[in-house]
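Enquirer: Mind having a look at this structure? Questions to follow.
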Amino acid sequence: MEPGEDMKEVASRELFEEVGLEAEELELLDIFSGPELYYRYPHGDEVYNVVAAYLCKEYSGIIRGDGDEVQDIRFFDLNKIPNQISPPDLPIITRFLKEVRS
């Protein structure tokens, strides 16, 4: 988060910087925190993340990883989401799937 940004602005900027897509509209999915968002970085730092996750149904641009924070990115069919998901991402993806299947 940059000084003066609100969470929706952060989500929009990060989406563009990391994957090359410009959000047309964002809708708050939920805010996630707690022990399931614990992560230990390869260099040993430990964090408990707080994540504001947004739904983006309309966007423009061409999907691409930034080569720094995102090495590989692609879209998946909702019924073919990979089993190997980073543990801190799992509660967010689970909530997303519940939302779109309701």
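To convert, take the position in the sequence shown, counting from 1, and add 141; that gives the numbering used here. A virtual CB, placed ideally from N, CA and C, is assigned to each residue, including glycine. Note that the structure is predicted; figures quoted are calculated from it, not measured.
#1: Please go through the same chain and pick out, in chain order, the residues whose beta-carbon is closer than 7 Å to the beta-carbon of Met142, but skip the five residues on each side of it.
#2: Since Pro232 and Phe173 should fall inside the 8 Å C-beta cutoff, what is the C-beta to C-beta distance between them, to a whole number of angstroms?
#3: For my contact list, Tyr189 and Leu178 are in at a C-beta cut-off of 8 Å; report their separation, rounded to the angstrom.
#4: Who pairs with Ala193 in a beta bridge, going by DSSP?
#5: Can you tell me where the beta strand (DSSP E) with Arg181 in it begins and where it stops?
#6: Going by beta-carbon coordinates alone, are Leu170 and Phe237 separated by less than 8 Å?
#7: Is the beta carbon of Glu165 closer than 8 Å to that of Glu199?
#8: Any idea if Ser153 is buried or exposed, counting beta-carbon neighbours within 10 angstroms, 16 or more meaning buried?
#9: Name the DSSP beta bridge partners of Ala164, please?
#10: Quick check: the Cα distance between Tyr180 and Ser201, rounded to an integer number of angstroms?
Expert: Let me spell this out:
#1: Residue numbering aside, residue 142 sits at position 1 when the sequence shown is read from its first letter. Excluding positions up to five away in sequence, the list reads Val151.
#2: If you number the sequence shown from 1, residue 232 lands on position 91. If you number the sequence shown from 1, residue 173 lands on position 32. That belief holds up - the Cβ atoms of Pro232 and Phe173 are roughly 6 Å apart, short of 8 Å.
#3: Taking the sequence shown and counting its residues from 1, the one referred to as residue 189 is at position 48. Taking the sequence shown and counting its residues from 1, the one referred to as residue 178 is at position 37. A Cβ-Cβ distance of about 6 Å is found for the pair Tyr189 and Leu178, placing them in contact under the 8 Å criterion.
#4: Counting from one through the sequence shown, the residue named residue 193 turns up at place 52. According to DSSP, which records beta bridges pairwise, Ala193 is partnered with Ile172.
#5: Residue mapping note: residue 181 aligns to position 40 of the sequence shown, counting from 1. That run of the beta strand (DSSP E) goes 179 to 181.
#6: On the sequence shown, position 29 is the one that residue 170 refers to. On the sequence shown, position 96 is the one that residue 237 refers to. At the C-beta level, Leu170 and Phe237 come within 8 Å of one another.
#7: The sequence position of residue 199 within the sequence shown is 58, counting from 1. The sequence position of residue 165 within the sequence shown is 24, counting from 1. Yes, these two residues count as a Cβ contact at 8 Å.
#8: Reading the sequence shown from its first residue, position 12 is the one you call residue 153. With 16 or more Cβ atoms within 10 Å of its Cβ, Ser153 is classed as buried.
#9: Position 23 of the sequence shown, counted from the first residue, corresponds to residue 164. Note: Ala164 sits in a beta bridge opposite Tyr200.
#10: Counted from its first residue, the sequence shown places residue 180 at position 39. Counted from its first residue, the sequence shown places residue 201 at position 60. Here the alpha carbons of Ser201 and Tyr180 stand approximately 31 Å from one another.
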